[in-house]
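S.K.: These protein sequence lines are chains A and B, in that order. Residues in the first sequence are numbered consecutively from 1, following the working numbering. Residues in the second sequence are numbered consecutively from 1, following the working numbering. Idealized CB from N, CA, C, for every residue including glycine. This is the structure I want to talk about, given as structure tokens.
Protein chains: 2
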Amino acid sequence: MSRSNPRVLSTLERAGGFASAQEIYALMQRDGQQIGLTTVYRSLQSLLNDKIVDVLRREDGEAIYRLCGESHHHHLVCKSCGKTVEIEGGAIEKWAKNIASENGFRDVGHTAELFGTCSNC
Amino acid sequence: MSRSNPRVLSTLERAGGFASAQEIYALMQRDGQQIGLTTVYRSLQSLLNDKIVDVLRREDGEAIYRLCGESHHHHLVCKSCGKTVEIEGGAIEKWAKNIASENGFRDVGHTAELFGTCSNC
DNA sequence: GCACATATGAAAACGGTTGTCATTTTCACT
DNA sequence: AGTGAAAATGACAACCGTTTTCATATGTGC
Ligand SMILES: [Zn+2]
Ligand SMILES: [Zn+2]
Ligand SMILES: [Zn+2]
Ligand SMILES: [Zn+2]
């Protein structure tokens with residue numbers, strides 16, 4: 001498994017919010033940074049692996065990435081413009097724990113994402 | 001804009017839950033129903049337009065469709081043996097609604113899956 | 001310098017989706 | 001029935017994001 005190219009990460013930082021692999025690539029090109037699209041994809045894959053970034057899908061299916069704090073949270077995403085709100089999942093965490101113990105499961109993790117249309121769209 | 005082929009809708013019904021365009025196509029082929037993949041895509045597009053179906057993205061980006069208003073539930077899955085429990089999501093449905101309205105979002109759907117280790121494993 | 005592992009990126013392959021367009025079907029009006 | 005306009009259909013190609021391949025470049029310890 002390859003390591004992440006640090007310039008990809010810093011470009012994603014600079015982009016702020018979500019950016020797709022190709023957007024990051026274009027940004028770097030525009031800055032005269034020489035890099036291959038393949039390396040951008042590989043770096044994002046690796047950052048994803050290390051849980052440094054988060055991935056979501058735009059409406060058309062394109063993957064978009066962004067920096068992700070290490071604390072556990074969920075997302076509320078606008079399907080139309082991509083606006084994202086981080087959700088503290090207090091209630092859902094409890095719910096997951098309850099359901100798990102009711103059914104005799106242990107070491108239970110979960111995924112949960114909300115998606116809809118924001119007030120601007 | 002073309003109208004939806006009714007056999008596509010009834011196949012989606014029969015599939016139960018989510019199904020991708022290609023899965024629907026394959027299902028119809030297996031049944032000896034003669035239809036083109038293009039028509040399946042077009043019909044789903046039209047059903048989407050008329051808000052008869054809902055669309056989501058699988059992790060790999062493939063679009064999956066389901067009937068709107070189909071009975072909605074979640075899963076608790078054992079990572080080791082695959083045992084699956086269907087969860088009625090009463091609490092989480094409320095949580096989703098609240099979060100959505102707090103943030104001014106509308107038409108909010110959600111995904112939520114629990115995964116852990118069952119009592120036999 | 002030399003051997004070996006890793007990183008890189010151009011190009012090809014891949015897979016889901018959409019566009020094109022010639023053909024077929026539907027349907028209203030003779 | 002016969003006619004023609006409009007809609008539907010599906011084989012095929014184009015598109016586009018992503019992954020794989022592979023040859024080359026770079027680094028690292030000896
Ligand atoms: Zn929006
Ligand atoms: Zn959570
Ligand atoms: Zn189990
Ligand atoms: Zn639910």
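Rounded to whole angstroms, what's the CA-CA distance from residue 110 of chain B to residue 16 of chain A? Just pull it up for me.
M.R.: The straight-line gap from Cα to Cα measures roughly 25 Å.
S.K.: With C-beta atoms as the reference, is residue 63 of chain A less than 8 Å away from residue 61 of chain B?
M.R.: Yes, these two residues count as a Cβ contact at 8 Å.
S.K.: Consider the C-beta atom of residue 99 of chain B and the heavy atoms of ligand 4; say whether any pair is separated by less than 7 Å.
M.R.: Answer for residue 99 of chain B: no, Cβ out of range of ligand 4.
S.K.: By how many angstroms is the C-alpha of residue 80 of chain B removed from the C-alpha of residue 98 of chain A?
M.R.: Between residue 98 of chain A and residue 80 of chain B, the C-alpha separation is close to 20 Å.
S.K.: So does residue 110 of chain A have its beta carbon nearer than 7 Å to some heavy atom of ligand 2?
M.R.: Residue 110 of chain A Cβ: within cutoff of ligand 2.
S.K.: Output the distance between the C-alpha atoms of residue 101 of chain B and residue 113 of chain B, rounded to the nearest integer angstrom.
M.R.: Each residue's Cα considered, the two are about 22 Å apart.
S.K.: Smallest Cα separation from residue 41 of chain A: which of A:87, A:21 and A:34?
M.R.: For residue 41 of chain A, the nearest C-alpha among the options comes from A:21.
S.K.: Can you find the residues in the same chain that come closer than 6 Å, C-beta to C-beta, to residue 56 of chain B, ignoring five residues on each side of it along the sequence?
M.R.: Contacts found: 64.
S.K.: For residue 119 of chain B, would you say it is in contact with chain A, using Cβ-to-Cβ distances shorter than 8 Å as the test?
M.R.: Closer than 8 Å: yes.
S.K.: Could you give the first and the last residue of the continuous beta strand (DSSP E) run that contains residue 87 of chain B?
M.R.: Residues 84-87.
S.K.: Runs of 4 residues minimum, wholly inside the region 50-105 of chain A: which ones carry the alpha helix (DSSP H) assignment?
M.R.: Correct list: 90-102.
S.K.: With H, G and I counted as helix, E and B as strand and the rest as coil, what does DSSP make of residue 2 of chain A?
M.R.: Coil, per DSSP.
S.K.: Just to confirm, is the Cβ distance from residue 117 of chain A to residue 107 of chain B under 8 Å?
M.R.: Their beta carbons are under 8 Å apart, which means residue 117 of chain A touches residue 107 of chain B by this criterion.
S.K.: Under 8 Å, Cβ to Cβ, is there at least one residue of chain B near residue 103 of chain A?
M.R.: Judged by the 8 Å Cβ criterion, residue 103 of chain A is in contact with chain B.
S.K.: Compile a chain-ordered list of the residues in the region 89-103 of chain A whose CB is closer than 7 Å to at least one CB of chain B.
M.R.: Against chain B - using a Cβ distance shorter than 7 Å - the residues of the region 89-103 of chain A are 91, 92, 95, 96, 99, 100 and 103.
S.K.: May I have the straight-line CA-CA distance separating residue 31 of chain B from residue 78 of chain A, to the nearest angstrom?
M.R.: The straight-line gap from Cα to Cα measures roughly 38 Å.
S.K.: Can you look up residue 43 of chain A in the DSSP assignment and give me helix, strand or coil?
M.R.: In the structure shown, residue 43 of chain A sits in a helix (DSSP, three-state: H, G or I).
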